[in-house]
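Structure first, commentary second.
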Amino acid sequence: MAEDEHRRLARLAPNLRRRAQIYDFIRAFFKERDFLEVETPIRAPAIAPEPFIVPFQSEDWFLAASPELHMKRLLAAGYEKLFQFSHCFRKGERGRWHNPEFIMLEWYRQGADYLGIIEDTEQLIASIAPKLGFKNTITYQGKKLDLTFPWPRITVRDAYIKSAGWDPVAVNDSVRFDMDFVSKVLPAFSPERPTVLIDYPAPQASLARLKPGNPLVAERAEVFIGGLELANAYSELIDAREQASRFREAVEEIRRERGQDMPLPDSFIKAVARLPECGGIALGIDRLVMLFCDAASIDDVMAFTADNT
Amino acid sequence: MEISGVRRNSKILIDGALYNVEEAEFTKPGKGRSVYRLRLKNLRDGGIIDRTYRSGEKVEEASMNTEEEQYLYHEGDQYYFMNTKTFDQHPLSADLLGIKKNFLKEGMEVVMLMMGDEPIDVTLPITIDLKVIETEISTKTATITPQMKSSIVETGYRIDTPSFIKVGDVIKVDTRSGNYVERVSTGK
Numbered sequence: 044m045a046e047d048e049h050r051r052l053a054r055l056a057p058n059l060r061r062r063a064q065i066y067d068f069i070r071a072f073f074k075e076r077d078f079l080e081v082e083t084p085i086r087a088p089a090i091a092p093e094p095f096i097v098p099f100q101s102e103d104w105f106l107a108a109s110p111e112l113h114m115k116r117l118l119a120a121g122y123e124k125l126f127q128f129s130h131c132f133r134k135g136e137r138g139r140w141h142n143p144e145f146i147m148l149e150w151y152r153q154g155a156d157y158l159g160i161i162e163d164t165e166q167l168i169a170s171i172a173p174k175l176g177f178k179n180t181i182t183y184q185g186k187k188l189d190l191t192f193p194w195p196r197i198t199v200r201d202a203y204i205k206s207a208g209w210d211p212v213a214v215n216d217s218v219r220f221d222m223d224f225v226s227k228v229l230p231a232f233s234p235e236r237p238t239v240l241i242d243y244p245a246p247q248a249s250l251a252r253l254k255p256g257n258p259l260v261a262e263r264a265e266v267f268i269g270g271l272e273l274a275n276a277y278s279e280l281i282d283a284r285e286q287a288s289r290f291r292e293a294v295e296e297i298r299r300e301r302g303q304d305m306p307l308p309d310s311f312i313k314a315v316a317r318l319p320e321c322g323g324i325a326l327g328i329d330r331l332v333m334l335f336c337d338a339a340s341i342d343d344v345m346a347f348t349a350d351n352t
Numbered sequence: 019m020e021i022s023g024v025r026r027n028s029k030i031l032i033d034g035a036l037y038n039v040e041e042a043e044f045t046k047p048g049k050g051r052s053v054y055r056l057r058l059k060n061l062r063d064g065g066i067i068d069r070t071y072r073s074g075e076k077v078e079e080a081s082m083n084t085e086e087e088q089y090l091y092h093e094g095d096q097y098y099f100m101n102t103k104t105f106d107q108h109p110l111s112a113d114l115l116g117i118k119k120n121f122l123k124e125g126m127e128v129v130m131l132m133m134g135d136e137p138i139d140v141t142l143p144i145t146i147d148l149k150v151i152e153t154e155i156s157t158k159t160a161t162i163t164p165q166m167k168s169s170i171v172e173t174g175y176r177i178d179t180p181s182f183i184k185v186g187d188v189i190k191v192d193t194r195s196g197n198y199v200e201r202v203s204t205g206k
């Protein structure tokens, strides 16, 4: 039996209050560090083509699945440090950790690489905990989680060899990569500490640059806390030709996989040529709020979801 | 059907065996494929299995129909129901009924889920009124938080009730959890 809306919203009040506090702390964190808060369109004629992120269409345009391209166009125009909370839309993503519309926090910093951005993330999250009355440790779903940084880093290669028994850098098998990630690799992460997974196989670089000296891997990192995939960071790719070629491959794969024609984001590709060295990250705010509210489901931290419209 | 359409309590067939989806969990690495983890209950032997599917995979949806039936009686661990139109009798085992077997009263109307001619499961009302036939004598005096004690209702089911419940009272029971909800009327 569905819970009555009035009761549901009343029950969520403590979580929604905490959510608002977390927004305040995040804004304060970035403003102290001279980041500029920006807003970019949630509806655009072209977005980053991603084989496994299905966008919603709005007439001939698309709803943003991430604000990344617009934020990088600002960086290319000389803005040095940017952050944004934005509504993002991804079709078909619904479950305990997913709602098709969700809030992403993204920030970008000129001169930083992916590990520099991970350090920002550690500081940001460790700064929120005491403001909410926690020491360095929170309890999430019955497990104590120590947020003291630095958080353990492990390469994708080592994590897969350890938990799944194969090397995804040597063997390019993206189906097995995804299935094993969910059933073997992620469950093996320590529940007591955040885990930073670094150096993804080059075919999964997306918008990250390849590692200088080891082009088999990309400078991409992901943060996992309490079993939740929280954030994805890159040393941003600043080679326009390479970016265009990766996007063309993605467009081709999307056409094959789901029969959809995605336009190339030309204005972005043009801007990549002027991008300075920079790093950036996308962090799922709803999941961060889940952690700090000890919430089992994303529905417990959002006032309205796809099932409570 | 597409795996993305599977929900909790969907009925699916795997290698000819009928399963109820007890849990359906959607998960997805941000840049990766959607993965669906199902916990499935075999509706013939009650066994539980876990299966993992990725987006785009298909599962065979079981075609089900429902009939209005009446509960008759039980013999050993078989519980008999009768179709109110055709008068066909259908047994269900205690294993498949699970907690529901505790709330069946003779003559009570239920909805029988059928796959072809085979009875699969019954749907009960969310709450049911049952008479208390036995209860502990409460020794506690009234306090602000109600004391709980053990009582037995007419179907033989043992249930925790507040201490003020007496033999002959009729109480409302949640058939999903088996928990006491409220007192409906007092016995003499």
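Quick note, the sequences are listed as chains A and B, same order.
Be aware that the first sequence starts at 44, since it is given in my numbering, and climbs by one per residue.
Be aware that the second sequence starts at 19, since it is given in my numbering, and climbs by one per residue.
We put the CB at the ideal spot given by N, CA and C, even for glycine.
- Of all residues in the region 130–154 of chain A, those with a C-beta nearer than 8 Å to a C-beta of chain B are Gly135, Glu136, Arg137, Gly138, Arg139, Trp140, His141, reading in chain order.
- Comparing alpha-carbon positions, the option among Ile189(B), Glu43(B), Ser52(B) lying closest to lysine 149(B) turns out to be Ile189(B).
- Residues of chain A whose Cβ lies closer than 7 Å to the Cβ of valine 199(B) do not exist; the shortest such Cβ separation is about 13 Å.
- Listed by position along chain B, the residues whose Cβ is nearer than 9 Å to that of serine 226(A) are Val53, Arg55, Thr70.
- Take threonine 180(A), set aside five residues on each side of it, and the residues of its chain with a beta-carbon closer than 6 Å to its own are Lys187, Asp189, in chain order.
- Secondary structure of proline 109(B) (DSSP, three-state): strand.
- In this structure, Lys76(B) is the residue among Lys76(B), Glu127(B), Ile117(B) with its C-alpha nearest to the C-alpha of valine 24(B).
- Contact check for glutamate 93(A) against alanine 108(A) passes: the beta carbons are separated by less than 8 Å.
- Residues of the region 262–273 of chain A with a Cβ closer than 7 Å to any Cβ of chain B, in chain order: Glu272.
- In the DSSP assignment, glutamate 265(A) is bridged to Leu240(A), Asn275(A).
- With fewer than 16 other Cβ atoms inside 10 Å of its own Cβ, asparagine 197(B) counts as exposed.
- Per DSSP, the beta-bridge partners of tyrosine 183(A) are Lys186(A).
- Judged by DSSP secondary structure, proline 173(A) falls outside any beta strand (DSSP E) and instead within the alpha helix (DSSP H) spanning 157–174.
- Per DSSP, reduced to three states, the secondary structure at tyrosine 203(A) is helical.
- For the C-beta of glycine 48(B), the chain A residues within less than 7 Å are, from N- to C-terminus, Glu272, Asn275.
- Put simply, the CB of phenylalanine 311(A) is far from chain B, with every gap to its CB atoms at 8 Å or more.
- Here arginine 86(A) has Ser101, Trp104, Phe105, Leu106, Ala107 as same chain residues with Cβ atoms under 8 Å from its own Cβ, once five neighbours each way along the sequence are excluded.
- For threonine 145(B), not one C-beta of chain A is nearer than 8 Å to its own C-beta.
- The residues Thr145, Val199, in chain order, have a CB closer than 6 Å to that of aspartate 192(B) in the same chain once the five nearest residues on each side in sequence are set aside.
- Under DSSP, cysteine 336(A) takes part in no beta bridge, so it has no partner.
- Residue-level contact check: phenylalanine 290(A) does not touch chain B, since none of the beta carbons of chain B fall below 8 Å from its beta carbon.
- Using a Cβ distance threshold of 8 Å, alanine 346(A) and leucine 59(A) count as a contacting pair.
- Note that the region 239–259 of chain A touches the region 213–221 of chain A; at least 3 beta-carbon pairs, one per stretch, sit closer than 8 Å.
- Residue-level contact by beta carbon holds for phenylalanine 44(B) and chain A, with a gap shorter than 8 Å.
- Cβ atoms of leucine 31(B) and glutamate 87(B) stay farther apart than 8 Å, at about 23 Å.
- Using a Cβ-Cβ cut-off of 8 Å, serine 181(B) does not count as an interface residue toward chain A, since no Cβ of chain A sits closer than that to its own.
- Residue contact with chain B for serine 249(A): present (Cβ-Cβ distance below 8 Å to some residue of chain B).
- Rounded to whole angstroms, the separation of the alpha carbons of proline 246(A) and histidine 49(A) is 48 Å.
- DSSP places tyrosine 175(B) outside both helix and strand once states are collapsed to three, so it counts as coil.
- Contact with chain B is absent for methionine 114(A), since none of that chain's Cβ atoms lies less than 8 Å from the residue's Cβ.
- Annotated three-state conformation of leucine 229(A) is helix, per DSSP.
- Collapsing the DSSP output to three states places alanine 35(B) in a strand.
- Its chain contains Glu165, Ala169 as the residues whose beta carbon lies nearer than 6 Å to that of phenylalanine 192(A), once the 5 sequence neighbours on both sides are disregarded; these appear in chain order.
- Using a Cβ-Cβ distance cut-off of 8 Å, the region 275–285 of chain A and the region 228–236 of chain A are not in contact, since fewer than three pairs of beta carbons, one from each stretch, lie closer than that value.
- Note that the C-beta distance between tyrosine 122(A) and leucine 167(A) is not below 8 Å.
- When DSSP states are grouped into helix, strand and coil, phenylalanine 177(A) belongs to the coil group.
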